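Dropping the structure here:
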């Protein structure tokens, strides 16, 4: 079942750690099993991702009710944990193209980062990312466009970019 | 190409390409539009460089993908197989 790989990657993205990701995928499969009669046979991956999103909302609500005040916070919780202070080691690593991208990705607003994570890193289609984020496809496209543009602009101002891209 | 065909068969403008470039790179653009974008990117240096830049960003982001551990995949595959063959395992929530 190749969809399991995708489910695992997306679960890792939206929970932020492997243990919770395992639990979320297990929860998703059990929910899908119980709801199989409601499945119309079309777009199985999008269906599973929608179930996963709802399962994650319930899990977050149980653990941290206050996070549910802002729907966008649900998936942003994880994304906001990666802006560490620079260390000498990370400064050295920054001198690569990939590190520059990573730094830019960490610096952009979480809504843009989530869309980029789901589409570029997890490999979801626009429709699938929209199902996970519970937003219209146009919103996914807009967030992707704006997020990538920020990364792009960041790179062109990065003194290491010319060297890394040559 | 004569004057009229240059007007009426003109390809996309830079602005039009910029509007659909992300969809093109994500392979989400309608198939009928793809050749027009491709034609413009080959002919327009600025848009071609822009596309190359975004392609490199996408490729770099793909390197961030973390594969789930083999243990995790084994557990989840076992659960999926069990659900498919004998239903919800005892003890599972």
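Chains as they are written, first to last, in the working numbering: chain L, 1 to 166; chain R, 1001 to 1093.
Note that CB positions come from ideal geometry on N, CA and C, so glycine has one too.
Bear in mind that the values here come from a model prediction, so they are computed numbers and not experimental data.
{"Item": "At least three beta-carbon pairs within less than 8 angstroms, the region 120-133 of chain L to the region 40-53 of chain L", "Value": "yes"}
{"Item": "Proximal residues of chain R, C-beta to C-beta of residue 114(L) below 8 angstroms", "Value": "Near residue 114(L) there are no residues of chain R at all, since even the closest Cβ is about 13 angstroms away, more than 8 angstroms."}
{"Item": "Contact list for residue 26(L) against chain R, beta-carbon separation under 9 angstroms", "Value": "1075, 1076, 1079, 1092, 1093"}
{"Item": "Supposed contact pair residue 3(L) and residue 45(L) - C-beta distance, whole angstroms, cut 8 angstroms", "Value": "5 angstroms"}
{"Item": "Buried versus exposed, by CB contacts within 10 Å (16 or more), residue 147(L)", "Value": "buried"}
{"Item": "Rounded straight-line distance, which links the Cα of residue 9(L) to that of residue 142(L)", "Value": "23 angstroms"}
{"Item": "Alpha carbon of residue 1070(R) to alpha carbon of residue 157(L), nearest angstrom", "Value": "40 angstroms"}
{"Item": "Beta-carbon gap between residue 1076(R) and residue 152(L) smaller than 9 angstroms", "Value": "no"}
{"Item": "Inter-stretch contact at 8 angstroms, needing at least 3 Cβ pairs: the region 1049-1066 of chain R / the region 1021-1036 of chain R", "Value": "yes"}
{"Item": "Minimum C-alpha distance to residue 57(L) - residue among 34(L), 41(L), 28(L)", "Value": "28(L)"}
{"Item": "Extent of the continuous alpha helix (DSSP H) run through residue 43(L)", "Value": "Taken as a continuous stretch (DSSP letters only), residue 43(L) belongs to no alpha helix (DSSP H), as it is neither H nor E."}
{"Item": "Cβ pair residue 12(L), residue 1066(R) closer than 9 angstroms", "Value": "yes"}
{"Item": "Run of the alpha helix (DSSP H) containing residue 1053(R), from where it starts to where it stops", "Value": "1045-1062"}
{"Item": "Contact list for residue 121(L) against chain R, beta-carbon separation under 8 angstroms", "Value": "1061, 1062, 1064, 1065"}
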